[in-house]
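S.K.:
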Amino acid sequence: MVTMGQSAEFGKFLKAMRSRLSPEVAGAGTTPGARRVPGLRREEVARLAGVSTDYYVRLEQGRNIHPSRTVLDAVSRALRLDSSEHAHMLDLLENCAGTPRPSGSTVQGVRPALRNLLDAVGDVPAMVLGRRSDVLAGNRMAFLLFTDFPALPAAERNLTRWLILDSGARDLFRDWKTVAAEAAGALRLDVGRHPNDPQASQLVGELAVHSEHFRQWWAGHRVATRAAGTVRLHHPTVGDLELNFENLALPDDPDQTLRIYSARPGSPSSDALALLGSLGAPGAGQQREGIDVVAAPQETGKA
Numbered sequence: 005m006v007t008m009g010q011s012a013e014f015g016k017f018l019k020a021m022r023s024r025l026s027p028e029v030a031g032a033g034t035t036p037g038a039r040r041v042p043g044l045r046r047e048e049v050a051r052l053a054g055v056s057t058d059y060y061v062r063l064e065q066g067r068n069i070h071p072s073r074t075v076l077d078a079v080s081r082a083l084r085l086d087s088s089e090h091a092h093m094l095d096l097l098e099n100c101a102g103t104p105r106p107s108g109s110t111v112q113g114v115r116p117a118l119r120n121l122l123d124a125v126g127d128v129p130a131m132v133l134g135r136r137s138d139v140l141a142g143n144r145m146a147f148l149l150f151t152d153f154p155a156l157p158a159a160e161r162n163l164t165r166w167l168i169l170d171s172g173a174r175d176l177f178r179d180w181k182t183v184a185a186e187a188a189g190a191l192r193l194d195v196g197r198h199p200n201d202p203q204a205s206q207l208v209g210e211l212a213v214h215s216e217h218f219r220q221w222w223a224g225h226r227v228a229t230r231a232a233g234t235v236r237l238h239h240p241t242v243g244d245l246e247l248n249f250e251n252l253a254l255p256d257d258p259d260q261t262l263r264i265y266s267a268r269p270g271s272p273s274s275d276a277l278a279l280l281g282s283l284g285a286p287g288a289g290q291q292r293e294g295i296d297v298v299a300a301p302q303e304t305g306k307a
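When we follow our numbering, the leftmost residue of the sequence shown carries the number 5, and every step to the right adds one.
In structure tokens form, the structure reads like this:
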């Protein structure tokens, strides 16, 4: 069943994407008349997409929820959507058509093989993220670098929540606004894929209540996902680090991601990671209910 909210969300996304583009950037030329609002006009998007203005207006207003894939691809090109934005648009359209993905079980598990993999890379931070960026598992180095997620209440073991609401995250990430905004964009992608997930709705509500930044990011309808990148940190114990990260999709569960952080060999950041591992308390990262924590492998064979 199509709801007004689902149709409105699709239209709001198109409008937000339209408002960020100038005619010059989009290649729409110039249209006579003063612009009262930023971005492309509806008729300019329609012209770029090769559809009538009336058709595009109905699409943006949620009154035409069965466009062809050809039309959607043309609108996507007109709005200069990247791959994540294009996928999000298709998810929103599925929601409008009443065919969203099922919300699935609220219980998320981690395969034993993944826990073994976290053990194998125990000298670098690694974690398994689930729906909504819930922290499902991690090794000792991940929790020494960021925060002790296993010690948090179950409802707070979420990377996006920690990034946006915890003052420690603001102090840790030297580019906090960029990192937190990307996390909010990833959450919007997740909500688009699973619009009936009550835990996601609860998380969005909590973030909106407590963070002005999040309210602004959410209102902008930005979506974001990165397969890899770099983060700059200032850790309270070992100082500045620059780490590369890889987000590895897990074929058996498309809602889970393995995230691994590493430093360039021989760099000061590599030395800082090694120091962090050596300074960590021996008992850090003990397994607690609801989260898998893998300790770093111990050295053997030394007298």
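Heads up, the beta-carbon is just placed ideally off N, CA and C, and yes, glycines get one too. If you're wondering where the values come from, they're calculated on a predicted model, not measured in any experiment.
Can you tell me the Cα-Cα spacing of S205 and D170, whole angstroms?
M.R.: Translated into the one-based positions of the sequence shown, residue 205 becomes position 201. Translated into the one-based positions of the sequence shown, residue 170 becomes position 166. Going from the Cα of S205 to the Cα of D170 covers about 20 Å.
S.K.: Given a threshold of 16 other Cβ atoms within 10 Å of its Cβ, counted over all protein chains shown, does G43 qualify as buried or as exposed?
M.R.: Residue mapping note: residue 43 aligns to position 39 of the sequence shown, counting from 1. Buried, since its Cβ has 16 or more Cβ neighbours within 10 Å.
S.K.: If we call anything under 8 Å between Cβ atoms a contact, is N99 one with Q203?
M.R.: Position 95 of the sequence shown, counted from the first residue, corresponds to residue 99. Position 199 of the sequence shown, counted from the first residue, corresponds to residue 203. Their beta carbons are not under 8 Å apart, which means N99 does not touch Q203 by this criterion.
S.K.: Going by the DSSP bridge assignment, what does S266 pair with across the sheet?
M.R.: In the sequence shown, residue 266 corresponds to position 262, counting from 1. Its beta-bridge partners are N248.
S.K.: Mind checking whether S88 and T229 have CB atoms under 8 Å apart?
M.R.: Locating residue 88 in the sequence shown gives position 84, where the first residue counts as 1. Locating residue 229 in the sequence shown gives position 225, where the first residue counts as 1. Contact: yes.
S.K.: Specify the secondary structure class of D138 as computed by DSSP and reduced to three states.
M.R.: In the sequence shown, the residue the question calls residue 138 occupies position 134. D138: strand per DSSP, three-state reduction.
S.K.: Since A130 contacts G142 with CB under 8 Å, what's their CB separation in whole angstroms?
M.R.: Here residue 130 is taken as the residue at index 126 of the sequence shown, counted from 1. Here residue 142 is taken as the residue at index 138 of the sequence shown, counted from 1. Confirmed, Cβ separation roughly 7 Å.
S.K.: Determine the extent of the alpha helix (DSSP H) in which H239 is found, giving its start and end residues.
M.R.: Taking the sequence shown and counting its residues from 1, one reaches residue 239 at position 235. Careful: H239 lies outside any alpha helix (DSSP H), inside the beta strand (DSSP E) at A232 to H239.
S.K.: For A253, which residues of its own chain have a beta-carbon under 7 Å away from its beta-carbon, when the five flanking residues on both sides are left out?
M.R.: As a first step, residue 253 is located in the sequence shown; it is residue number 249 there, counting from the start. Contacts found: T261.
S.K.: State the start and end residues of the unbroken beta strand (DSSP E) segment that holds A101.
M.R.: Numbered from 1 along the sequence shown, position 97 holds the residue referred to as residue 101. Note, A101: premise wrong, no beta strand (DSSP E); not H, not E.
S.K.: My output table needs one value for L94: the three-state DSSP class, helix, strand or coil.
M.R.: Counting from 1 along the sequence shown, the entry for residue 94 is found at position 90. Correct three-state label for L94: helix.
S.K.: Using C-beta distances below 6 Å, list every residue in its chain close to L280, excluding the 5 sequence neighbours before and after it, in chain order.
M.R.: Taking the sequence shown and counting its residues from 1, one reaches residue 280 at position 276. Around L280: L148 and V242.
S.K.: Considering only their Cβ atoms, is the gap separating E48 from P71 smaller than 8 Å?
M.R.: In the sequence shown, residue 71 corresponds to position 67, counting from 1. In the sequence shown, residue 48 corresponds to position 44, counting from 1. For P71 and E48, no; Cβs fall outside 8 Å.
S.K.: Closer than 7 Å by C-beta to A223: which residues in its own chain qualify, once you throw out the five before and the five after it? Chain order, please.
M.R.: On the sequence shown, position 219 is the one that residue 223 refers to. Once the five neighbours on either side are set aside, A223 has no close Cβ partner at all.
S.K.: Please list the segments of the alpha helix (DSSP H) lying wholly inside the region 137–186, counting only runs of 4 or more residues, in order along the chain.
M.R.: DSSP runs (the alpha helix (DSSP H)) wholly in the region 137–186: 144–149, 163–169 and 171–176.
S.K.: Could you please give me the residues that DSSP links to G243 through a beta bridge?
M.R.: Mapped onto the sequence shown, residue 243 falls at position 239. Looking at the DSSP assignment, G243 forms a beta bridge with H239.
S.K.: Could you pull out every residue in the same chain whose Cβ sits closer than 6 Å to the Cβ of A82, ignoring the five residues on either side in sequence?
M.R.: As a position in the sequence shown, residue 82 is number 78, starting the count at 1. Cβ within range, chain order: V49, L52 and A53.
S.K.: Do you know offhand how far D95's Cα is from G233's?
M.R.: Counted from its first residue, the sequence shown places residue 95 at position 91. Counted from its first residue, the sequence shown places residue 233 at position 229. Rounded to the nearest angstrom, the two C-alpha atoms are 25 Å apart.
S.K.: Can you tell which of R197, V213, P154 and L133 has its C-alpha closest to the C-alpha of A91?
M.R.: Here residue 91 refers to the residue found at position 87 when the sequence shown is read from its first residue. Residue R197 is the option with its Cα nearest to A91.
S.K.: To the nearest angstrom, how far is the alpha carbon of Y59 from that of E13?
M.R.: Reading the sequence shown from its first residue, position 55 is the one you call residue 59. Reading the sequence shown from its first residue, position 9 is the one you call residue 13. If you take the alpha carbons of Y59 and E13, they lie about 18 Å apart.
S.K.: Could you spell out where the alpha helix (DSSP H) holding L279 opens and where it closes?
M.R.: Taking the first residue of the sequence shown as position 1, residue 279 is located at position 275. Element bounds for L279: P272 to L283.
S.K.: Give the straight-line distance between the Cα atoms of L237 and S274, rounded to the nearest whole angstrom.
M.R.: As a working mapping, residue 237 is identified with position 233 in the sequence shown. As a working mapping, residue 274 is identified with position 270 in the sequence shown. If you take the alpha carbons of L237 and S274, they lie about 13 Å apart.
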